[in-house]
Amino acid sequence: MNNENEKEISFEEAMQKLEEIVGKLEEGDVPLEKAIAYYQEGMALSKKCSDQLTQVEEKVTQIMNQYGESEPFDLQGEA
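11 is the number of the first residue of the sequence shown in my numbering; add one for each residue after it.
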């Protein structure tokens, strides 16, 4: 996956591709070289999703602070 493609896809598309890659790797019928390529692409997608979630969390925190909300925003607190 190159950097241009990473920037063009949405969070939802990245998650869908990541799920597809995980499924392929879990099947176990992937040749080693292809598995490494899938793993590398999956790690790039995972980082992209993580970075996007961090940006969203920061933006929501800024919005909450702007409107006087004092409770910190925590994505991981919801279960």
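Beta carbons are placed, not taken as given, at the ideal position from N, Cα and C, and that holds for glycine.
Sorted by chain position, which residues of the same chain lie with C-beta nearer than 6 Å to residue i's C-beta, five sequence neighbours on each side aside?
i      : result
Gln-62 : Phe-21
May I ask you to report which of helix, strand or coil DSSP gives residue i?
i      : result
Glu-79 : coil
Val-70 : helix
Glu-18 : helix
Terminal residues of the continuous alpha helix (DSSP H) containing residue i?
i      : result
Gly-33 : 21 to 37
**Asked** Counting Cβ pairs closer than 8 Å, one from the stretch 46 to 62 and one from the stretch 18 to 35, do we hit at least three?
**Response** yes
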